[in-house]
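*Asks:*
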Amino acid sequence: MDFSKAIDMADHSVLLKKLRKDIESEKEKERGLPIIRMLLDITTSLGKQGLAIRGNYHEGGNYLELANLLLRRNTEMNQWMSKQNKPYVTSYLLGCSQNELIAIEGTDQAQRIVAEVNEPYFFGVFADGRPAVSPEERLAVGVRYVDYRRSR
Numbered sequence: 000m001d002f003s004k005a006i007d008m009a010d011h012s013v014l015l016k017k018l019r020k021d022i023e024s025e026k027e028k029e030r031g032l033p034i035i036r037m038l039l040d041i042t043t044s045l046g047k048q049g050l051a052i053r054g055n056y057h058e059g060g061n062y063l064e065l066a067n068l069l070l071r072r073n074t075e076m077n078q079w080m081s082k083q084n085k086p087y088v089t090s091y092l093l094g095c096s097q098n099e100l101i102a103i104e105g106t107d108q109a110q111r112i113v114a115e116v117n118e119p120y121f122f123g124v125f126a127d128g129r130p131a132v133s134p135e136e137r138l139a140v141g142v143r144y145v146d147y148r149r150s151r
């Protein structure tokens, strides 16, 4: 009896299942990208307005309230965020996700500032440290520069 064909068919079936799973995973990523951009926009908007992202122990905070507003109004976002549709449980509304979005926005903002500062002839950098009241040191860094595009 020749089992090589049966083994080839089994391997083929496993490969097809893996390929389908990979394709579905890519589609899920594509569907989720605009939603993650919306959550990043919430983070950016709150930062631009100088509003707190998180609330206190009893309240969810501005980020959570705006995200819930979008969830109520945007059915695609609501479906994507629901746990029934995903084989894994991920919530982009938790504090660790908010920290990640803040870090992404901070990196992006820093790159924009560096690009702007590299253009002028004159710029200055200043830093101010704060004594460590908490377990971590804090350092604020500021940049002053002449924007020739606006001064003309």
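Residue 112 in numbering that gives the first Met the number 0 sits at position 113 of the sequence shown, and the numbers go up by one each step.
Don't be surprised by glycine CBs; every beta carbon is placed ideally from N, CA and C.
Given a threshold of 16 other Cβ atoms within 10 Å of its Cβ, counted over all protein chains shown, does Ile22 qualify as buried or as exposed?
*Replies:* For this step, residue 22 is matched to residue 23 along the sequence shown. It counts as exposed.
*Asks:* Measure the alpha-carbon distance for Asn61 versus Leu68 and round it to whole angstroms.
*Replies:* Looking up residue 61 in the sequence shown gives position 62. Looking up residue 68 in the sequence shown gives position 69. About 10 Å.
*Asks:* Whole angstroms is fine: what's the gap from Ile41's alpha carbon to Leu65's?
*Replies:* Counting from 1 along the sequence shown, the entry for residue 41 is found at position 42. Counting from 1 along the sequence shown, the entry for residue 65 is found at position 66. C-alpha separation (whole angstroms): 7 Å.
*Asks:* Might you give, ordered along the chain, the residues of its own chain that have their beta carbon closer than 8 Å to the beta carbon of Leu70, omitting 5 neighbours on each side?
*Replies:* Translated into the one-based positions of the sequence shown, residue 70 becomes position 71. So the qualifying residues of the chain are Met76, Asn77, Met80.
*Asks:* Among Leu39, Glu99, Ala114, which has the Cα closest to the Cα of Asp146?
*Replies:* Residue mapping note: residue 146 aligns to position 147 of the sequence shown, counting from 1. When each option's Cα is compared against that of Asp146, the closest is Ala114.
*Asks:* Would DSSP call Tyr120 helix, strand or coil?
*Replies:* The residue you call residue 120 lines up with position 121 of the sequence shown. Correct three-state label for Tyr120: coil.
*Asks:* What runs of the alpha helix (DSSP H), each 4 residues or longer, lie entirely inside the region 33-112?
*Replies:* Listed in chain order, the complete alpha helix (DSSP H) runs (minimum 4 residues) inside the region 33-112 are 61-72, 74-80.
*Asks:* Does Asp127 come out as helix, strand or coil in the three-state DSSP assignment?
*Replies:* Translated into the one-based positions of the sequence shown, residue 127 becomes position 128. Residue state, collapsed to three classes: strand.
*Asks:* Measuring only the C-alpha atoms, how far is Leu18 from Arg30?
*Replies:* Residue mapping note: residue 18 aligns to position 19 of the sequence shown, counting from 1. Residue mapping note: residue 30 aligns to position 31 of the sequence shown, counting from 1. One C-alpha to the other measures close to 18 Å.
*Asks:* Distance, Cα to Cα, Ile103 vs Leu14?
*Replies:* On the sequence shown, residue 103 is found 104 positions in, with the first residue counted as 1. On the sequence shown, residue 14 is found 15 positions in, with the first residue counted as 1. So the alpha carbons of these two residues sit roughly 36 Å apart.
*Asks:* Which two residues bound the contiguous beta strand (DSSP E) that contains Val145?
*Replies:* Translated into the one-based positions of the sequence shown, residue 145 becomes position 146. Neither: Val145 is in no beta strand (DSSP E) and is coded neither H nor E.
*Asks:* Check the DSSP bridge columns for Gly31 and list the partner residues they point to.
*Replies:* As a working mapping, residue 31 is identified with position 32 in the sequence shown. Partner(s): none; Gly31 has no beta bridge.
*Asks:* Cutting at 6 Å between CB atoms, please list the residues of its own chain near Val140, excluding the five before and the five after it.
*Replies:* The residue labelled residue 140 in the question sits at position 141 within the sequence shown. Answer for Val140: Ala126, listed in chain order.
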